[in-house]
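In this text, residue positions in the sequence shown follow my numbering: the first is 23, and each later residue adds one. By construction, the Cβ of each residue, glycine as well, lies at the ideal position given by its N, Cα and C atoms. Model, not experiment: these values are computed from the prediction. Comments concern the structure below.
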Amino acid sequence: MIDIAPDSQTYLNVLDLSEENMDEDPVKVKSEFLLSFIGKLLDRKMDGREKSIIDRVTRLTYQSFKEPSLEEWVFVLSQQPEEEAQNLALDMELYVEGSLDIFLIRPIFRPDPIS
23 MIDIAPDSQT
33 YLNVLDLSEE
43 NMDEDPVKVK
53 SEFLLSFIGK
63 LLDRKMDGRE
73 KSIIDRVTRL
83 TYQSFKEPSL
93 EEWVFVLSQQ
103 PEEEAQNLAL
113 DMELYVEGSL
123 DIFLIRPIFR
133 PDPIS
């Protein structure tokens, strides 16, 4: 059993790219994942502008960082000019700097591949 909680020592890197499914564009796959993940994390549906911002930020993050974490992703998000980007960065603060920062610290959990 894996203990994932704010007070545990287990952290996740949701931007980690899997070496599986490399026949697909991994950044596009990750962008699609982040659209769903962030919506669930924030418990709301993303509008069209937010979806475009999330997609752009995902592409820019992978262009700028070799192995990005959610912290780098939110940094790139905070550099975007749109008010929606600033609001989204503020919404994500709890998960990268706040008490629910299980997505931040570098020792990342990588599950064993299922055989």
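Checklist entry - Closest to valine 79 by CA distance: which of Glu41, Lys50, Tyr117 is it? => result Lys50
Item to check | leucine 99 versus Glu89, Arg81, Lys88, residue with shortest Cα-Cα distance | outcome: Arg81
Checklist entry - So what does DSSP say about proline 48, is it helix, strand or coil? => result helix
Item to check | Where methionine 114 falls: helix, strand or coil (DSSP) | outcome: helix
Checklist entry - What's the C-alpha gap between lysine 62 and serine 40? => result C-alpha separation (whole angstroms): 21 Å.
Next on the checklist: Looking only at its chain, what residues have a beta carbon closer than 6 Å to the beta carbon of proline 90, apart from the 5 residues adjacent to it on each side?
Outcome noted: Leu37, Thr83
Checklist entry - Measuring CB to CB, does isoleucine 75 end up less than 7 Å from glutamate 106? => result yes
Item to check | glycine 120, enclosing alpha helix (DSSP H) - first and last residue | outcome: Unbroken run through glycine 120: none, as it is neither H nor E.
Item to check | Start-to-end residues for the alpha helix (DSSP H) that takes in arginine 165 | outcome: Lying before the first or after the last residue shown, residue 165 is absent from the chain, which here runs from 23 to 137.
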